[in-house]
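>
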Amino acid sequence: MDRYNTENPQVQACLQRLEQVCTSVLALLQAFDKGSNSEAAQRLKGVDIALREMRQRTSAIDDLDNSEYDQVQQKADLQRQITLKDELIGRIRNDWAPEAKKDYEDAKPEYEASATSTCDPEGEQQEDTVNNDMPQLQSEMDLL
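With full-length UniProt numbering applied, the sequence shown covers 1 to 144.
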């Protein structure tokens with residue numbers, strides 16, 4: 001009985017029923033010791049009824065154990081799915097991160113050049129490199 005949670009009301013009811021069965025068995029044995037056949041027959045019926053109720057309540061606990069087992073299996077499956085998802089995210093991050101970093105590093109000088117080319121710190125206007133690149137970009141897009 002140690003494997004059951006005694007805070008569970010079904011388990012508590014089953015344990016109480018077990019105590020009643022033990023009490024009924026002791027009373028039955030005492031009736032046999034006295035030699036009273038009618039009392040022994042009556043006690044035997046009481047033990048039989050108590051054992052049947054005990055089986056019903058025990059089967060309800062087995063259902064609880066099965067549902068607990070199912071929940072443990074479901075939790076393990078979810079943890080496995082989370083692990084697979086994390087591995088997939090890691091692979092995507094590792095595959096795409098170097099490319100994204102390279103694209104960023106490649107674009108960074110162009111962005112900085114376009115941002116500084118429009119205005120010189122001395123206030124003189126310089127030529128706009130972004131507008132100068134437009135015909136080249138247009139011709140590259142036409143090739144595609």
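Quick reminder that beta carbons are idealized off the backbone N, C-alpha and C, glycines included.
What first and last residue would you give for the alpha helix (DSSP H) that runs through S24?
Locating residue 24 in the sequence shown gives position 24, where the first residue counts as 1. Run containing S24: 9 to 34, per the alpha helix (DSSP H) assignment.
> Buried or exposed, going by whether 16 or more other CB atoms sit within 10 Å of the CB of S36?
Along the sequence shown, one-based indexing puts residue 36 at 36. Its Cβ having fewer than 16 others within 10 Å, S36 is exposed.
> For C14, count neighbouring C-beta atoms within 10 Å of its own C-beta (all shown protein chains included) and say buried if the count is 16 or more, exposed if not.
The count along the sequence shown starts at 1 and reaches residue 14 at position 14. With 16 or more other Cβ atoms within 10 Å, it is buried.
> Just the C-alpha distance for N94 and I82, rounded to the nearest angstrom, thanks.
Sequence index remark: in the sequence shown, residue 94 carries index 94 (1-based). Sequence index remark: in the sequence shown, residue 82 carries index 82 (1-based). About 18 Å.
> Buried or exposed: L28, going by 16 or more other Cβ atoms within 10 Å of its Cβ?
The count along the sequence shown starts at 1 and reaches residue 28 at position 28. Its Cβ being crowded by 16 or more others within 10 Å, L28 is buried.
> Looking at chain C, is there any beta carbon in it that lies within less than 8 Å of the beta carbon of L88?
In the structure shown, chain C cannot be found, because there is only a single protein chain.
> So R17 and A50 are supposed to be a Cβ contact under 8 Å. How far apart are they, rounded?
Position 17 of the sequence shown holds residue 17. Position 50 of the sequence shown holds residue 50. Their Cβ separation, rounded to whole angstroms, is 7 Å, which keeps R17 and A50 in contact under 8 Å.
> Identify, in the order they occur along the chain, each residue of the same chain with its Cβ nearer than 6 Å to the Cβ of G46, setting aside the five sequence neighbours on each side.
Taking the first residue of the sequence shown as 1, we reach residue 46 at position 46. For G46, where only same-chain residues beyond five positions count, the Cβ hits under 6 Å are S24.
> To the nearest angstrom, how far is it from the Cα of R91 to the Cα of Q79?
Locating residue 91 in the sequence shown gives position 91, counting from the first residue. Locating residue 79 in the sequence shown gives position 79, counting from the first residue. Computed Cα separation, rounded: 18 Å.
> Can you list, in chain order, the residues of its chain with a C-beta nearer than 8 Å to that of E53? Leave out the 5 residues immediately preceding and following it.
The residue you call residue 53 lines up with position 53 of the sequence shown. Within the same chain, E53 has close Cβ partners R17.
> Any heavy atom of the ligand SAM closer than 7 Å to the Cβ of G35?
Ligands are entirely absent from the displayed structure, and the ligand SAM is therefore not among its contents.
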